[in-house]
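Structure, as structure tokens:
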Amino acid sequence: MRPDALSELADVLRERLVREAREDATGDVEGRIGALVDREAGLLGERERTELRRLVAERAVGLGPLEPLLRDPAVDEVMVNGPEAVWVERLGRLERADVSFASEAELRHAIERIVAPLGRRVDEASPLVDARLPDGSRVNVVVPPLALDGPVLTIRRFRQRGMTPEDLVEAGTLTPALRDFLERCVVARLNVLISGGTGSGKTTTLNALSRFIPAGERIVTIEDAAELRLQQPHVVRLEARPANLEGRGEVTIRRLVLGALRMRPDRIVVGEVRGGEALDMLLAMSSGHEGSLSTIHAGAPEEAVRRVETLALMADVELPHAAVRERVAEALDLVVHQERSRDGVRRVLAVSEVVRVAGGPATRDVYALRDGRPVWRAPLSPWLAQRLGE
138 MRPDALSELA DVLRERLVRE AREDATGDVE GRIGALVDRE AGLLGERERT
188 ELRRLVAERA VGLGPLEPLL RDPAVDEVMV NGPEAVWVER LGRLERADVS
238 FASEAELRHA IERIVAPLGR RVDEASPLVD ARLPDGSRVN VVVPPLALDG
288 PVLTIRRFRQ RGMTPEDLVE AGTLTPALRD FLERCVVARL NVLISGGTGS
338 GKTTTLNALS RFIPAGERIV TIEDAAELRL QQPHVVRLEA RPANLEGRGE
388 VTIRRLVLGA LRMRPDRIVV GEVRGGEALD MLLAMSSGHE GSLSTIHAGA
438 PEEAVRRVET LALMADVELP HAAVRERVAE ALDLVVHQER SRDGVRRVLA
488 VSEVVRVAGG PATRDVYALR DGRPVWRAPL SPWLAQRLGE
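Start counting the sequence shown at 138; every next residue gets the next number (my numbering).
Given below as structure tokens:
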């Protein structure tokens, strides 16, 4: 049977499976699918029936045409711009995928299978949802009226095995010398902020640098959607929670940061700072929780520092701007900035120390990648040299 004919038959059997499930809720799904295929397509060969069972399962309980993309280890992100436009990021490059949904209804059905088990809903009243798949992959859904051309689904893959610092060197993100320098900074308990744009690999680098944290320390990780997989034996993982269908039960990143301070952490790792929790993170960094790590959206090290100031001012605390700037200068030690270049490679372009100047913090490059060549500033400033034991 032609592949397209087998696909059409799978759609028919999926609808029949759904009808049968409404009439009789007993029995396991896998057994139902096998019995249905054997009954309705018994004349097909064993290989075709096996493929048909897989297709029906993908469309009944999986994510339909997206399943082969999610099985591809080279795919980092899947982007669905309506039922007929599916794009992927494969090895750092965007490309059009050779799959599509048969209709907007099928796409909405796949979206519903993602959000329903999480107690979430997506409709005109709640058209924007962030969620997480069971394997840890991050999901964002936007539907009409916010999305003008049909439902938009974005899935950022979660990899069970995070990249190591050595992997980042091999991928071109770090140079060997920069890898060694950052190891010394983490071991010396410098507070490190990783900045960059969307898709620049900030979380991947954060995860890799966390491997330098000694095994004997108690680490608390705080994330909006859990992606970090620290390898140390003493890790407490916290994840924010959105409001439920009734608008209740929300637990914010800021609330988790405040709670983490009461958990006797040696280090606090915040997956991404993007709100008033920036102030609480700064207070933690400057009050006995040195060696903390976090990420932030920014286009350059100096912009990252200014953005931390802005976010800290969003906290409902009556602090003058000058006091916040002083806190930033006191708390932050290092900004690691990276970008994704046109060739798809994510590279650390600059590492800057945060220094105090008149009126607040400023950044000074320790390392920069210029015209593809690493440039180091020597000697290091006295305070940084002292922290690194030089």
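Glycine included, every Cβ here is placed at the ideal spot set by N, Cα and C.
Using alpha carbons as the reference points, say which of A495, G334 and A239 lies closest to R444.
G334
Using the C-alpha atoms, what's the distance from G338 back to R296?
13 Å
Which term fits T342, buried or exposed, when burial requires 16 or more other beta carbons within 10 angstroms of its beta carbon?
buried
Taking Cβ to Cβ, would you say G408 is nearer than 9 Å to V323?
no
On the CB-based measure, 16 or more other CB atoms within 10 Å of its CB, does E387 come out buried or exposed?
exposed
Got a sec? Which residues, its chain only, sit under 8 Å from A178 by beta carbon, not counting five neighbours each side?
L146, L150, E185, R186 and L189
Looking at the structure shown, is N328 part of a helix, part of a strand, or coil, going by DSSP?
coil
Find out if the Cβ-Cβ distance for the pair E214, E226 is shorter than 9 Å.
yes
Cβ-based neighbour list, I405, same chain, cut-off 6 Å, excluding 5 preceding and 5 following
V357, A397, A421, H426 and S429
Please report the distance separating the alpha-carbon of G287 from that of N218.
7 Å
Close-in-space but distant-in-sequence residues of the same chain around I292 (CB under 6 Å, 5 per side omitted)
V215, S274 and V276
Quick check on this structure: which residue in R477, V410 and G299 has the alpha carbon closest to the alpha carbon of R392?
V410
Quick check: the Cα distance between G336 and R176, rounded to an integer number of angstroms?
47 Å
Beta-carbon contacts of R355 that lie in its chain and below 6 Å, excluding the five residues immediately before and after:
H371, P402 and D403
For A325, which option in D267, D470, L173 and E232 has the closest C-alpha, if you only look at C-alpha atoms?
D470
Considering Cα atoms alone, identify which of L173, L181 and R153 is closest to A142.
L181
For H458 and A211, I'd like the C-alpha separation in whole angstroms.
45 Å
Rounded to a whole number of angstroms, what is the C-alpha to C-alpha distance between E467 and R493?
8 Å
Using 10 angstroms around the beta-carbon of L311, count the other beta-carbons present and answer buried if the total reaches 16, otherwise exposed.
buried
Which partner residues does I405 have in the DSSP bridge list?
V357
Just to confirm the assignment: which complete beta strand (DSSP E) runs, minimum length 3, are found wholly within the segment 426-454?
430-434
Would you kindly work out how many angstroms separate the C-alpha atoms of G496 and V306, rounded to a whole number?
38 Å
If you draw a straight line from the alpha carbon of L448 to that of E320, how long is it in whole angstroms?
28 Å
Would you mind giving the Cβ-Cβ distance between P220 and F238, rounded to the nearest angstrom? I have them listed as a contact below 8 Å.
4 Å
Excluding the 5 residues flanking A162 on each side, which residues of the same chain have their C-beta closer than 8 Å to its C-beta?
The pLDDT assigned to A162 is 45, lower than 50, so where the model puts this residue is not dependable; a value taken from the coordinates is nonetheless given after this. Excluding sequence neighbours, A162 sits near nothing in its chain.
Just to confirm before moving on: does the CB-CB distance between V485 and L330 stay below 9 Å?
no
Once DSSP output is grouped into helix, strand and coil, what is the label at D502?
strand
Residue(s) in a DSSP beta bridge with P519
Beta-bridge pairing links P519 to no other residue.
Residue-level contact to chain B via CB, L265, 9 Å cutoff
Any reference to chain B falls outside this structure, which holds one protein chain only.
Note down, in chain order, each residue of its chain lying with its Cβ closer than 6 Å to the Cβ of G299, except the 5 sequence neighbours on either side.
N344 and R366
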